[in-house]
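Worksheet: one structure, shown below.
In the working numbering, the protein residues as written are -2 to 524.
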């Protein structure tokens, strides 16, 4: 049994022999080598650590080894780099890999952990909360009426390229071009307000998903024993929806497509005919911009018995086949005539800024760039509005939830209902009119009342009798105790005594109760 000791040394200044404060032990390891191991300055703590080390050595001799031990002492950045390399070797796009690793790295940086063994669930929760929290930095005072791009970037703490994208995305005013471009005070105030409100729930869920994916990879590769973020649930994006696109009606889509076909402008190397065919395909297939950019003439199977478009690689990496109406197939057949078979139908990088296309044709069709949403907010009309509109119009045409899920290529019905299950008010009005009639007519009401034994003081030809007071017409509370019912044409038959209507005979007992008396009557049903 190894024993603890404090090594001695000779002080060079005084020449006296002294002992080290830290306790050591000579320990025989599983490989047969004896090594001197330092422990703690506290002897009791050193004895505990020595016991744990000896237990571990005995387990190793018995073949019980913890595979995660060597990885828990490695820096997290090393694990992150290896995870990134493994992601890059899959079918994931470089953009997806970069964004996923970045999100996970920011969460890990917020935990202040250096090694894998330092990660805890509480630290991950605190990091996610800090990322999503609104900015607590003091708001700079806006003293100028106009700002240059560099001045505005300094106020927001972002790069110059981000200013152009932010202003365009939020439809904020600006004037001038190039170096003479200026941003009014209202634009600066709006961007500062958006910058300070914190991260949205949907974006925060993406950060959580990235770090969960990283920890799950570490568990699968025996680098951690458990996932520290496994029990952390994301928020509900419906309660904090930041990005939502407007839905175009069928008439608005027709106007947009017609304006594109009639346009002579060339936007991002696409002429009006190409843009019109692009909008038509997007509105009937629900393909995303990057998916539409991959389509070739060979992907359009318009001469088959069921005209459809086949896309080999979609967002989820699977093949998608979307049918198109016959009139759409005829229009696309004319557009594709004479084009190269294997060449992209809509070449170029237009999909990176597809909003530039649709804005030109919205102006040509006389349509606004925004529309009121369900909660009254002004929603932007973007290229993604075509996909959202396709899903809503497909549902409005009578498609079931399963059919809409297949059309939109979703695996989670909650996503379909949350994002695309947004029938417009007029469509809901048409659907509600198709419901069976629930309000009975007067004859049905009188007939049902007579079946329950309620008296009708009718006079003349009046179906329900004259109008009475509340005391005269309100029925007394009653309870029906069914004994046995048989179908027959006579509703009540002759009324007999209780002795005549014994429980062995067919009938039901009518018990009438009020505040004063309780009477029981037997109604016999004729055989």
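C-beta: ideal position from N, C-alpha, C; glycine also.
Whole-Å CB distance - residue 282 paired with residue 319, under 8 Å assumed: 4 Å
Checklist entry - In its own chain, which residues sit with a C-beta less than 7 Å from the C-beta of residue 259, not counting the 5 before and 5 after it? => result 269
Review point. How is residue 248 classed by DSSP in three states: helix, strand or coil?
Key: helix
Taking the straight line between their C-alpha atoms, what separation do you get for residue 223 and residue 363?
58 Å
Does the distance from the CB of residue 277 to the CB of residue 325 come in under 8 Å? yes
By Cβ distance, which residues of its chain are closer than 6 Å to residue 348, with the 5 residues on each side in sequence left out? 286, 287 and 290
Residue range of the unbroken beta strand (DSSP E) whose run includes residue 174
Premise fails: residue 174 is in no beta strand (DSSP E) and is neither H nor E.
Note to self: Nearest by alpha-carbon distance to residue 255: which of 70, 274, 266 and 110 is it?
What the structure shows: 274
Bridge-paired residues (DSSP) for residue 377: 367
On a Cα-Cα basis, can you pick out the residue from 334, 301 and 308 that is closest to residue 323? 301
So which of 208, 328, 251 and 393 has the shortest CA-CA distance to residue 73? 208
Straight-line gap, residue 250 to residue 369 (C-alpha atoms, nearest Å): 16 Å
Exercise. How many angstroms separate the CA atom of residue 333 from the CA atom of residue 96?
Worked result: 36 Å
C-beta contact flag for residue 345 and residue 266 at 8 Å
yes
| task | Identify whether residue 318 lies in helix, strand or coil by the three-state DSSP scheme. | result | strand
Nearest-angstrom Cα distance between residue 157 and residue 150? 6 Å
Note to self: With DSSP as the reference, identify every bridge partner of residue 7, one or two as the case may be.
What the structure shows: 14
Checking 8 Å against the spacing of the C-beta atoms, do residue 163 and residue 189 come in under that value? no
- prompt: Whole alpha helix (DSSP H) runs in the segment 52 to 98 with 4 or more residues, listed along the chain?
  reply: 66 to 69 and 73 to 85
*Can you tell me whether DSSP reads residue 23 as helix, strand or coil?*
strand
Looking at the unbroken beta strand (DSSP E) that takes in residue 35, where does it start and where does it end? 31 to 35
Problem set entry | First and last residue of the uninterrupted beta strand (DSSP E) at residue 306 | 305 to 308
Inset, instruction - Output the boundary residues of the alpha helix (DSSP H) element that contains residue 187. - result: 182 to 193
key: Closest residue to residue 50 among 171, 107 and 34 (Cα-Cα distance)   = 34
Within the same chain, show all residues whose beta-carbon is closer than 6 Å to that of residue 12, passing over the 5 residues directly before and after it, in chain order.
none
Contact defined as beta carbons within less than 8 Å: I believe residue 84 pairs with residue 94. What is the distance between those atoms, to the nearest angstrom? 5 Å
Using only alpha-carbon positions, find the residue among 118, 245 and 126 that is nearest to residue 228. 118
Which residues in the same chain have their Cβ closer than 6 Å to the Cβ of residue 471, if we skip the five residues on either side of it in sequence? Because residue 471 carries a pLDDT of 44, less than 50, the predicted location of this residue cannot be relied on, and the following value inherits that uncertainty. None.
*Are the Cβ atoms of residue 130 and residue 195 separated by less than 8 Å?*
yes
Sequence-distant residues of the same chain with beta carbon closer than 7 Å to residue 81, five excluded per side
94 and 98
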